Every structure is written in structure tokens, then in C-alpha cells.
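Student: From first to last, the protein sequence lines stand for chains A and B. Every letter in the first sequence is one number past the one before it in this note's numbering, and letter 104, counting from 1, is 104. Every letter in the second sequence is one number past the one before it in this note's numbering, and letter 219, counting from 1, is 1219. Beta carbons: idealized from backbone N, C-alpha and C, even for Gly. Note that this is a predicted model, so its numbers are computed, not measured.
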Amino acid sequence: MKILVCIKQVPDMESRFKLNSEGTWYDESDLAFRMNEYDEYAVEQAVQLKEQLGGEPEITVLSIGPDRVVEALKKALAMGADRAVHVKDDKYYQKDPWQVASVIAGHAAGQGYDLVFTGMQSQDRGSAQVGVTVAELLGFGCATTLVGFTYDAGVIMAKRELEGGSKGVIKLKLPAVVTCQLGLNTPRYPTLPNIMKAKKKEIVVQAVSELLKEAEVTGTGGMYPPAKRGGGIVIEGEVNDQLDKLMRILKEKTTVLRAA
Amino acid sequence: MKALLIAEYRQGKLLETTYELQAFAGLLGAESAMVLVGSPADLPKFAGKLYLADVARYGEYNPDLHKKLVLEAVAKENPDYIVFVHSSYGWDLAPRVAAALRIGQVSEVVGLPDGKFEVTCCNAKLRRTVAPKSARTVVTIQAGAFSTQGEPQGAPQVEGIDVADPAGKTEFVGYEAAEQKDVDLTRAEVIVSAGRGVGKKENVQVIAQLAKALGGELGASRPVVDAGWAPHSHQVGTTGQTVSPKLYVACGISGAIQHLAGMKKADFIVAINKDKDAPIGEIADVLIVADVLQFVPAMTARCAR
Ligand SMILES: Cc1cc2nc3c(=O)[nH]c(=O)nc-3n(C[C@H](O)[C@H](O)[C@H](O)COP(=O)(O)OP(=O)(O)OC[C@H]3O[C@@H](n4cnc5c(N)ncnc54)[C@H](O)[C@@H]3O)c2cc1C
Ligand SMILES: Nc1ncnc2c1ncn2[C@@H]1O[C@H](COP(=O)(O)O)[C@@H](O)[C@H]1O
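#1: When the Cα of K1246/B is compared with those of Q1235/B, I1269/B, I1161/B and I1141/B, which residue comes out closest?
#2: With three or more beta-carbon pairs closer than 8 Å as the criterion, would you say the segment 162 to 171 of chain A touches the segment 1158 to 1178 of chain B?
#3: Which stretch, first to last residue, makes up the beta strand (DSSP E) that contains C1121/B?
#4: Check whether the Cβ atoms of G1008/B and A1145/B lie closer than 9 Å to each other.
#5: For a test of your reading of the model: does the CB of A176/A fall under 8 Å from any non-hydrogen atom of ligand 3? Yes or no.
#6: Once DSSP output is grouped into helix, strand and coil, what is the label at H86/A?
#7: Have a look at the DSSP bridge pairing and note the partners of P1132/B.
#8: Measure from the C-beta of Y92/A to each C-beta in chain B and report whether the shortest distance is under 9 Å.
#9: If you measure from the CB of S1107/B, is any heavy atom of ligand 1 nearer than 8 Å?
#10: Taking all protein chains shown into account, decide if I233/A is buried (16 or more other Cβ within 10 angstroms of its Cβ) or exposed.
#11: At the 9 Å Cβ level, is C142/A part of the contact set with chain B, yes or no?
#12: Whole angstroms is fine: what's the gap from A1025/B's alpha carbon to A1094/B's?
#13: Hey, would you say the C-beta of M120/A is under 8 Å away from at least one heavy atom of ligand 2?
#14: Give a single yes or no on whether G1197/B has its beta carbon closer than 8 Å to a heavy atom of ligand 1.
#15: Give me whichever residues DSSP pairs with S1032/B in a beta bridge.
#16: Kindly indicate which residue of A143/A, R125/A and D82/A has the alpha-carbon position closest to the one of E58/A.
#17: Could you check what DSSP says for L1218/B in three-state terms: helix, strand or coil?
#18: When you compare the CB of T1186/B with every CB in chain A, is at least one pair closer than 9 Å?
#19: Let me know if Y189/A comes out buried or exposed under the rule of 16 or more other beta-carbons within 10 Å of its beta-carbon.
#20: How far does the alpha helix (DSSP H) with E1077/B in it reach, from first residue to last?
#21: Starting from E252/A, trace the alpha helix (DSSP H) in both directions and tell me its first and last residue.
#22: Counting only C-beta atoms, is Y1081/B closer than 9 Å to chain A at any point?
#23: Among K2/A, A46/A, E71/A and G131/A, which residue has its Cα nearest to the Cα of P11/A?
#24: Below 8 Å CB to CB, which residues in the same chain sit around A1230/B once its five sequence neighbours on both sides are set aside?
#25: Give the residues of chain B in contact with G183/A, contact being defined as C-beta atoms less than 8 Å apart.
#26: Is the segment 1064 to 1071 of chain B in contact with the segment 1151 to 1171 of chain B, if contact means three or more CB pairs nearer than 8 Å?
#27: Just checking: is the beta-carbon of Y26/A within a distance shorter than 9 Å of some beta-carbon in chain B?
#28: Show which residues of chain B have a CB atom less than 7 Å away from the CB atom of G154/A.
#29: Is the shortest distance between the beta-carbon of N1203/B and the beta-carbons of chain A less than 9 Å?
#30: Any heavy atom of ligand 2 closer than 8 Å to the Cβ of N36/A?
#31: Using a 10 Å radius around the Cβ and a threshold of 16 neighbouring Cβ atoms, would you call L192/A buried or exposed?
#32: Let me check understanding here. Comparing Cα to Cα, which of L1043/B, D1291/B, T1129/B and A1135/B lies closest to E1159/B?
#33: Considering only DSSP beta bridges, list what P226/A is partnered with.
#34: V1130/B: buried (16+ other C-beta within 10 angstroms of its C-beta) or exposed?
#35: Report the CB separation of V61/A from L77/A in whole angstroms; it is logged as a contact under 8 Å.
#36: Roughly how many angstroms lie between the CA atoms of A1056/B and K171/A, to the nearest whole one?
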């Protein structure tokens, strides 16, 4: 079995964001990057499947982006993936989801992958499109938003998360694409020996221009912070002063404090 | 301008979010038609054309089949926009329709400032506009972002749609009901919720103590539940409970849309976050910029007095 896992590297969402000079995307300087949270579940599920099948499947991890994404690829290798493909693209943010999916499908064509894992969405763009579109381009079956995954003899039982905590169970055959939701599993932390082992694993670099055949179908307008809605009070400073202010407000505006 | 609205029907019921599609089409200034794989006995109130495929024949959601049915209606209607709610149905089906037509998709639209499609990114810390470049475009709208004005009215003119080959690559097996709840957060007057910002499992106790001191219940964001720090019955949000207490205190919670959807109706919201720009600040009545582990125990001590 050949498995592909698509991972994106995204900024730490607790960062303070500034815009780039064109005002179309965030400025990357001073940001710390990490593997897209949803994709950590994708890597973990692929590694668990490899373990279930006695180590037989080969896992390739792929990431499109500038040189920094190699860090995310190395993490996936240390978690247990076998090889990595870095599709080098410094202008990744100018590609729309259709183009990103077509680049991934372009890589996958002819590679004989049986199963592709992606995150259900990226934390920065969050289009929730790339995985499904890859499936459509490859003609694979696809299940999204997985909170449960089991595999037996060429058949996947997927538990899809629906609204309000209920789930839909579906069955699909390989070849397939599945998109992973938060909580699907518990992603492992790479151990030191595995980090060392990962250093010997192959990272193939490919230019995005070799794989990109499609023009964009959506363009990016401006990016901007949300308009402040106002009304809310922000209290900074020393804890005791903050508390004095908060308790006064709560007494005035709510009825929940017991009369003290 | 024409919009084809894809209504949603699940487990024997037309979903209310169907009306949000109509509200969006209204704002867009588009003439609209609707598609529904549902029951003739439970039709939406809608004064327009409705392409109906009977659920009795097509069964519960099957992506390949629903894609073919939507494409059938697209061919008949020739719309400029094909609009879904960004739900477990919409985000699964919309990209399949877009790929089949080789057209663009704008995901999870939250507004239409100056007629542009506005979406959020980076955990709602930023927004941007997306400009369609294809002749027609698939759009998904954020659940709750476009609310209906007044009671929906009208009866649709129904036209049946069918596909010759109902085969698909996936097989629907069944539904699994949500877990039984051991606490009913919907009745609590005060909820104090722990988010990932509390750092570790042991610290959830610190938050629970404040809840107790205020005579309320402990709530939690999803990562706290996923990590096993709190039971699922305490989760607040789209995939947890929807609550409306008199006071909601969010401790170390960033304010992702799926969390806000579950608690924004609270009468009074206090957020404690070390990040002054955290999106929770947008709906909080009071944002305390502080470390939860310093602030919360001090607050518990005051309230217990
Ligand atoms: C389909 C779908 C359904 C979902 N359903 C739900 C749902 O029902 N409920 C839900 O909650 N989420 C849900 N999510 C997940 C949601 O998108 C967010 O990932 C989640 O709400 C984030 O939880 P959080 O705010 O606790 O964590 P984070 O986003 O990681 O935020 C942590 C916050 O803590 C702050 N912080 C860190 N350390 C400290 C400190 N020491 N003191 C003070 N503040 C600190 C940070 O500044 C940050 O703002 C869903 C997602 C999807 C895709
Ligand atoms: N630049 C990228 N490189 C590799 N995989 C990606 C990239 N962008 C998106 N993906 C994959 O597609 C999923 C959905 O992303 P999105 O459609 O942007 O929400 C992510 O969770 C990743 O698995």
C-alpha cells in the first residue's frame, strides 16, 4: 500500500499578525510556524495504519510552500512517515485551493497511491477544499471530517462528524482520500531516536512550476483585521486592580454574584 | 443574476439553515431557485422553483449521487452562483460540484461588504475578500452569518430531478447519536469554561473551582475535550452544547467561530486571555488581559469570600 499525507505549515495562531506590503496576506517575518493542527491527525492516522499493517505501507508526506515547510516535513518523518516531498513555492499564498489541489493531484498521478490523508481544513486559509478536490481530480472516493477511522482488507469505515455531536458512518473502498478532524486520534510526539532516524530519510524537492498546470479560479482581494465591534471593555494591568474593576462591573451588570 | 440554493435535509427533517441561504441570496440581489434531496412532505417555504429529488428513492446523504443531482439542476437553471451552507453537508459536497464544473469556490463567506465575498482566516484574527474568476462560482456561507428577516413565506413550484445511475463510491451505513449528557449546561446560570490556554489537565481543576465559587458549571472548548481533560458533555460549541447562561467566563479560549456559535447568546461574557487580540474579545463584554493561572485563582478567592 502507498499512502500520501498532505501537510501545510501555518503560523502559530496566537501570533500578532501584520499584513504584507501588498495587503493581500499576512507578513511572514516574526511569525513562528508549525504543522497545521488538522494535518497532525492525518499524519498520526497514516502512521497508525502502517503499524496495523505490520509496517508494509510506504508513507510519503507532501508540503507545498517556501523552505520553512521542511521543518513540518521533518516532524512528520520523525512521527513515522518514510519519505517527504517538498514542492517549493515561495508564492504559495497566491495559489487558490483549486491550484493547490491540482498540484497535489499532479504529484500523485502515476505514483500509485492507494490512500491520501489530508486535514479537513488549514488553520490559516481554512477553505476545507483541498482534500475533496484532490479526490475529485484523482477520481478517488472521499470522506470528510473524520473522527473515526478503521481499515480492513481494502475497505475503510469512516465516522464523519456532523453537527451537534452526532456522527455519520460510511464505508468506502480504496483508492480513497480522507480528511481528518480534530480529535481523530492523539498525535504522538516525535522521540529523540526517531528524530535522529528521520534525518536519514529522503526529502525530494520539486519546483511548483513543474506540477502547476491550472490557472486560478478565485483571486485574493484585500486582507484586513476585523472591524472592532466596540462595546466590550478591555482591562489590562495588575491582577488585583483588574479584579476590582471586574467585580464592580459584574455587580452592576449581572445578578449572579451573591450579595456580599 | 441567478443563485441556485442547495437546501439540506437530514434524518427525516428539512434543516432550518435552508432559510439562511435565502437571506444570503436576498443580500446578493439574486433571483433564486432551490435544490433539495428531501421529502415532498417537508418542503421549505420558498416562493420560487424547487428542484426536488425524493429522499425515499435516494436515501441519506451520498456525495456522488447528490453531486449528480445538483449538476442536473445546474444544467437546467444555469445559475451564476451555487450556494451551500458551510456545514458537514456543504463543505463535503460543494468542492465536488466545483471540481466537476472546473469552477472556483469561495468557502465560508461571512459578509458581503461592497458586494465582495468576505471570509475569515487565521482563526478569525483576519478577514479577506475573495474575487471569483470563473464564469460561475460555488459559495458556502458560514452558518449563522446571514439571518432571515421575518417569517419565510411562499410555496415552491416543484420540478423533479433524477439521475440514471445512482451508484457512488461511498456507502452510507448509519447514524450514531450524540453521547448522553451527564450535565445539562443549557440550564446553568453561570458557566466557566476552560480552553487550551489552561495548559494542562490538572489546571482544569482551577477553572472548575471558579465555576463552583460562582455556583455554576464547568464548560470546555473542544481541544480540552479532545485531549481528555474534560468529558464531552462539557463541550460548548457547534459539536457540543449551545448555552445561554447569565454569565459565561471563557478562560484561555481564543474564540473560534465553532466555539462562539455555542455561547454567544450568553447575557454577559467575560474572557480571560493573555492575548489582547484574541477573537473572543470581539464578543466579550469584558476582556481581562491576563494569565488565567494568575487571574482565576485570585477571582475564585474573591468570589468565595
Ligand atoms: C467542524 C468543526 C467543529 C468544531 N466544533 C467545536 C466545538 O463544538 N467547540 C469548540 O470549542 N471548538 C470546536 N471546534 C474547534 C475550533 O475551531 C477551535 O479549534 C477551538 O475552539 C479552539 O479552542 P481553544 O480556544 O481552547 O484553543 P486555542 O484556539 O488554541 O486558544 C487558546 C487561547 O488561550 C490563550 N492562552 C494561552 N495561554 C494562556 C494563559 N496562560 N493565560 C491566558 N490565556 C492563554 C491564547 O492566547 C489563545 O487565545 C470545531 C472545529 C471544526 C472544524
Ligand atoms: N500548501 C499545502 N501543502 C500541502 N497540503 C496542503 C496545503 N494546503 C492545504 N493542504 C492540505 O489540504 C487540507 C485542507 O486545506 P484548505 O483547503 O486550505 O482548508 C489541509 O489540511 C492540508 O492537508
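Tutor: A quick look at the data gives this:
#1: Among Q1235/B, I1269/B, I1161/B and I1141/B, the Cα nearest to that of K1246/B belongs to I1269/B.
#2: Taking one beta carbon from each stretch, the segment 162 to 171 of chain A and the segment 1158 to 1178 of chain B have 3 or more pairs nearer than 8 Å; the two touch.
#3: C1121/B -> beta strand (DSSP E) spans F1117 to C1121.
#4: The residue you asked about is not Gly; residue 1008/B is Glu in the sequence shown. Cβ atoms of E1008/B and A1145/B: not closer than 9 Å.
#5: Because ligand 3 does not appear in the structure shown, any question about it cannot be addressed here, the ligands present being ligand 1 and ligand 2.
#6: In this structure, H86/A counts as strand in the three-state DSSP scheme.
#7: In the DSSP output, where bridge partners are listed per residue, P1132/B has T218/A.
#8: For Y92/A, no CB of chain B lies under 9 Å from its own CB, so it is not counted at the interface with that chain.
#9: Between ligand 1 and the CB of S1107/B, the shortest heavy atom gap is not smaller than 8 Å.
#10: Flag for I233/A reads exposed.
#11: True, the Cβ-Cβ gap to chain B drops below 9 Å.
#12: Using only the alpha carbons, I get a separation of about 17 Å.
#13: Checking the Cβ of M120/A against ligand 2 gives yes.
#14: G1197/B has its CB nearer than 8 Å to a heavy atom of ligand 1.
#15: Residue pairing of S1032/B in beta bridges, as defined by DSSP: A1003/B.
#16: Closest option to E58/A, Cα to Cα, is D82/A.
#17: Strand, per DSSP.
#18: Closer than 9 Å to the CB of T1186/B there is not a single CB belonging to chain A.
#19: Y189/A counts as exposed, since fewer than 16 other C-beta atoms from the protein chains shown sit within 10 angstroms of its C-beta.
#20: Counted as a single uninterrupted DSSP element, the alpha helix (DSSP H) harbouring E1077/B occupies residues P1063 to E1077.
#21: Note, E252/A: alpha helix (DSSP H), V239 to K253.
#22: No, because no Cβ of chain A sits closer than 9 Å to the Cβ of Y1081/B.
#23: Ranking K2/A, A46/A, E71/A and G131/A by Cα distance to P11/A puts E71/A first.
#24: Closer than 8 Å at Cβ, skipping near neighbours: A1194, V1204, L1218, A1220 and V1224.
#25: Neighbours of G183/A on chain B, chain order: R1222, V1225 and D1226.
#26: Pairwise C-beta distances place the segment 1064 to 1071 of chain B in contact with the segment 1151 to 1171 of chain B, as three or more of them are shorter than 8 Å.
#27: Closer than 9 Å: yes.
#28: Within 7 Å Cβ-Cβ: nothing; G154/A doesn't reach chain B, min ~13 Å.
#29: False, the Cβ-Cβ gap to chain A never drops below 9 Å.
#30: Under cutoff, so the answer is yes.
#31: That one is exposed.
#32: Comparing C-alpha distances from E1159/B to each of L1043/B, D1291/B, T1129/B and A1135/B shows the shortest one belongs to L1043/B.
#33: The partner list for P226/A (beta bridge, DSSP) is empty, contrary to what the question assumes.
#34: Burial is judged here by how many other beta carbons sit within 10 angstroms of a residue's own beta carbon; V1130/B has at least 16 and is buried.
#35: The beta carbons of V61/A and L77/A sit about 7 Å from each other, so the pair counts as a contact at 8 Å.
#36: Rounded to whole angstroms, the gap between the alpha carbons of A1056/B and K171/A is 21 Å.
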